[in-house]
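Step one of this worksheet: look at the structure below.
Number of protein chains: 2
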Amino acid sequence: MTVGAEILCIGTELLLGEIVNSNSQYIAQQLALLGIPHFYQTVVGDNPDRIHQALEIATSRSSLIITTGGLGPTPDDLTTEAISSFFNTPLEERAEVWEHIQQMYSQTGRTLTANNRKQALLPRGADILTNPIGTAPGMIWEPRPNLLFLTFPGVPSELYAMWEQVAAPYLQTKYGQGTFHSKVLLYWGIAESALAAKVNHLFDLQNPTVAPYANYGQARLRITARANTKEEAIALIAPVEAEIREITGEHCYGTDDDTLASVVGKLLQEKNQTLAVAESCTGGWLGEAITQVSGCSSYFVGGVISYSNEVKINLLSVDRQILDQHGAVSAIVAEQMAIGIKQKLKSDWAISITGIAGPSGGTETKPVGLVYVAIADPMGNVEAIELRFNPSRGRNWIRKATVSSALDLFRKRFVMIG
Amino acid sequence: MTVGAEILCIGTELLLGEIVNSNSQYIAQQLALLGIPHFYQTVVGDNPDRIHQALEIATSRSSLIITTGGLGPTPDDLTTEAISSFFNTPLEERAEVWEHIQQMYSQTGRTLTANNRKQALLPRGADILTNPIGTAPGMIWEPRPNLLFLTFPGVPSELYAMWEQVAAPYLQTKYGQGTFHSKVLLYWGIAESALAAKVNHLFDLQNPTVAPYANYGQARLRITARANTKEEAIALIAPVEAEIREITGEHCYGTDDDTLASVVGKLLQEKNQTLAVAESCTGGWLGEAITQVSGCSSYFVGGVISYSNEVKINLLSVDRQILDQHGAVSAIVAEQMAIGIKQKLKSDWAISITGIAGPSGGTETKPVGLVYVAIADPMGNVEAIELRFNPSRGRNWIRKATVSSALDLFRKRFVMIG
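Each protein sequence line maps, in turn, to chains A and B. Under this note's numbering, the first residue of the first sequence is numbered 1, with each subsequent residue one higher. Under this note's numbering, the first residue of the second sequence is numbered 1001, with each subsequent residue one higher.
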């Protein structure tokens, strides 16, 4: 059976530009992974007539319609109602959904309102698309042959959980005929265009295909193979991955779901070594990134957020005279911070960060975007690296890029020492 | 003249999920600022038939169609061609555009190819929408009365420059007659459905309108007014806002671009008091959130990431016996952490966090999702609050919600003390 998918996002907040449509991107990626062709994305507001009109168009050209949004308990959550009325099918309350909703509320101590009951309604004949983490389920419904609806809430975390646990296996079984498999190679410290130039000759490959993309300063290469089985796809990807790794060397820090923090964590775990951090301008973001990795307590001991100079002096033993002479944003202060935290927390390694994230606080000699990262290693060496980010990127871009750069510098230093 | 806008994004990369559709969000925001109603967003790939089909639908329901993408020099850049052929209008080379393209290339030392010449083609009768920073211009074209096209490249920076310098003033002149203005009220600690139930009676208002929405556990209410001037719109919003605030009380922490961290920052700044943090399971995220606010150095001194027990003992003076007896995740340890960091960093206030973010580490009596937040105040009082999050939300959801809850608890405590 051939299938053509359409994503229909329902929510006035998208039309007002209050949020970016990350759900469409997620579903698009997931459809690509399943090998399901997808030709249209539509957004309409919480308006019954326009939802009907969008359904008319979508049902005339697509055989798989995936909606997000409009499943909540409030009066402007209209998706289920609109779809069922479009097909002249009555809504019915599902006892098990209503029970689940009551349970979710009692667990978290919130108060149920009459509104919530409407979330238990589904069109007659529709199956429940279980929501493992929220109150509102979606539905899986084939209102007529060759036309399938899947509905999801607009909350991304709920969409992801429902997709991965219910929708993906369901769609794989229904439409599976061969599979797409992708491997993503992750890069830090090289621009997308420079990376693309290195592997230009691979972009014409047909199976697997190689495509570059970038996200928040992180360049990536996606290798995608189509085959009868996942194993065959993996075998097609392997030689191309090897060739790319040969060309791009140490810039590639990991694949797929790896993060710089998880890669650093694996390195430390393998050697049974520990890490501590001292952060000024990033204010805890490096620690936050490291502790995103479950199980990090086996190598991460903690750190100090030394936002003020007094904290640098009192908790990290930075020399007051050095601070006065060189300023808080200097290579030597970064080095003293790294040594200080390493000694204080008795860790094998330490990373320190001091910089000017802006928008204020920059000077001619020390502009916004100037950052020092220092790494102290188990042999007692310490080295500060100067980074310069484009001030026009803004405070939080600079802080985020600093955290990634610090982890990447640590990774390279760790691998070099061996 | 009434107008209804539609955004049509053209690009296979959007259908593959390679990039998020930030252009739609940007244009949506800009249209809202101009008071131009906007009802549909569509995405299609670089496919001539489907672009034609999308044009058929869009021209039948919208009077202002804004396209992004497909203006580049490569064979799969089809937008200009598709629009002109849809209206049976010939393309003509514009000498000034071709000169601009040649100039741009010679300036940046790139080599022109035959492909680039196609970027100088526009339908007969269309005006040039100047691109101040890239090679490809867009067009402003009214192919028939009451139907206006504006085309933009897909590169966000070029879209922004063209919008701000050319399109916005043009649209303001053409359609300017009144404006939309919105105010968003922000909530923490109350579910979207409970909030909606409290202000249910306001959802039928016509001008201003009131609508609820939620984002990452944060409930919001949007009040939107249409009026001739921004001032009139603000005046329409004021009484409705006052009524909502009266009903929803302390749950409302701020408006529009406020964050919990910026609100906390303002409170501290007003009283000229300082804050320090001690974090376990959030690993620095609270500090990161606080330091997102530019200028936070006037009230935020820093903190300790006490991921291991040793750090709690050595840097925060938590009692080892208490730790052994009650465990790291306990009210008394949270209180000792808050007192410890407050004394160590000589701050007026302190917030501490200790909890089990999971997915491992939970027990029957201390499950994943159990968190203690303690707040130490300038009078020397300290109090721990127990929070319980749904473990199925996952590690990072729990951590993020913990950070928001800690800031909200601090805000309420601060206001209570007065």
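Beta carbons are placed, not taken as given, at the ideal position from N, Cα and C, and that holds for glycine. Here the structure is a predicted model, which is why all the values come from computation and not from measurement.
Item                                                                                                                               : Value
Sequence-distant residues of its chain with Cβ nearer than 6 Å to A:Thr-12 (five each side left out)                               : Gly-45, Asp-46
Residues that DSSP places opposite B:Met-1139 in a beta bridge                                                                     : B:Ile-1128
Length of the line joining the Cα atoms of B:Ala-1233 and B:Glu-1383                                                               : 43 Å
Residue-chain proximity (A:Tyr-253, chain B), Cβ-Cβ < 8 Å                                                                          : no
Rounded separation between A:Glu-18 and B:Ser-1022 - CA only                                                                       : 11 Å
Every unbroken alpha helix (DSSP H) inside the stretch 230 to 262 of chain A [4 residues or more]                                  : 230 to 248
Minimum Cβ-Cβ distance from A:Met-1 to chain B less than 8 Å                                                                       : The pLDDT assigned to A:Met-1 is 44, lower than 50, so where the model puts this residue is not dependable; a value taken from the coordinates is nonetheless given after this. Not an interface residue.
Below-8 Å beta-carbon distance, B:Glu-1288 vs any chain A residue                                                                  : yes
Straight-line Cα distance separating A:Leu-55 from B:Ala-1005                                                                      : 19 Å
Proximal residues of chain B, C-beta to C-beta of A:Phe-39 below 9 Å                                                               : Leu-1015, Val-1044, Gly-1045, Asn-1047, Arg-1050
Residue environment, A:Met-379, which counts as buried when at least 16 other CB atoms sit within 10 Å                             : exposed
Interface residues of chain A facing B:Tyr-1307 [CB-CB closer than 7 Å]                                                            : Thr-291, Ser-297, Phe-300, Val-301, Gly-302
Bounding residues of the alpha helix (DSSP H) (the contiguous stretch that carries A:Pro-48)                                       : 48 to 61
Straight-line gap, A:Gln-273 to B:Glu-1250 (C-alpha atoms, nearest Å)                                                              : 47 Å
Helix, strand or coil at B:Val-1427 [DSSP, three-state]                                                                            : The first residue shown for chain B is 1001 and the last is 1418, placing residue 1427 of chain B beyond what the model contains.
Pick from B:Tyr-1299, B:Gln-1107, B:Leu-1034, B:Leu-1195 that is closest to B:Val-1003, judged by C-alpha positions                : B:Leu-1034
Where the alpha helix (DSSP H) containing A:Tyr-339 begins and where it ends                                                       : Note that residue 339 of chain A is Ile in the sequence shown here, rather than Tyr. That run of the alpha helix (DSSP H) goes 331 to 345.
Proximal residues to A:Ile-339 (C-beta, below 7 Å), its chain only, five neighbours per side dropped                               : Ala-376, Val-382
Closer than 8 Å to chain B by CB, A:Tyr-187                                                                                        : no
Cβ of B:Ala-1194 within 8 Å of any chain A Cβ                                                                                      : yes
Own chain partners of A:Arg-411 with C-beta closer than 8 Å, once the 5 adjacent residues on each side are dropped                 : Tyr-253, Leu-260, Val-263, Val-264, Leu-267
Partner residues on chain B for A:Ser-22, Cβ-Cβ distance less than 7 Å                                                             : Val-1020
Where B:Gln-1029 falls, given that 16 or more other Cβ within 10 Å makes a residue buried                                          : exposed
A:His-201 versus A:Ser-193: straight-line alpha-carbon distance, rounded                                                           : 14 Å
Where B:Pro-1212 meets chain A, residues with beta-carbon distance less than 7 Å                                                   : Thr-74
Any C-beta of chain B under 8 Å from that of A:Ile-341                                                                             : no
Contacting residues, own chain, Cβ-Cβ under 8 Å from B:Ile-1057 (five flanking each side not counted)                              : Thr-1042
Which listed residue (B:Thr-1224, B:Met-1162, B:Ser-1157) has its alpha carbon closest to that of B:Thr-1151                       : B:Met-1162
Run of the alpha helix (DSSP H) containing B:Glu-1158, from where it starts to where it stops                                      : 1156 to 1162
Own chain partners of A:Ile-133 with C-beta closer than 7 Å, once the 5 adjacent residues on each side are dropped                 : Ser-157, Glu-158, Ala-161
contact_flag[the stretch 1165 to 1184 of chain B, the stretch 1084 to 1094 of chain B] where n(CB pairs < 8 Å) is 3 or more        : no
Contact set between the stretch 1347 to 1365 of chain B and chain A, restricted to residues whose Cβ is under 9 Å from the partner : Ala-1357, Gly-1358, Pro-1359, Ser-1360, Gly-1361
CB contact below 8 Å: A:Asn-115 versus chain B                                                                                     : yes
Cα-Cα separation between A:Phe-300 and A:Ala-276, rounded to whole angstroms                                                       : 6 Å
B:Ala-1079 burial status per 10 Å Cβ neighbour count (16 or more: buried)                                                          : Looking at the sequence provided, one finds Thr at residue 1079 of chain B rather than Ala. Counting Cβ neighbours within 10 Å, B:Thr-1079 comes out buried, since at least 16 surround it.
Residue span of the alpha helix (DSSP H) that contains B:His-1326, given as start and end                                          : 1320 to 1326
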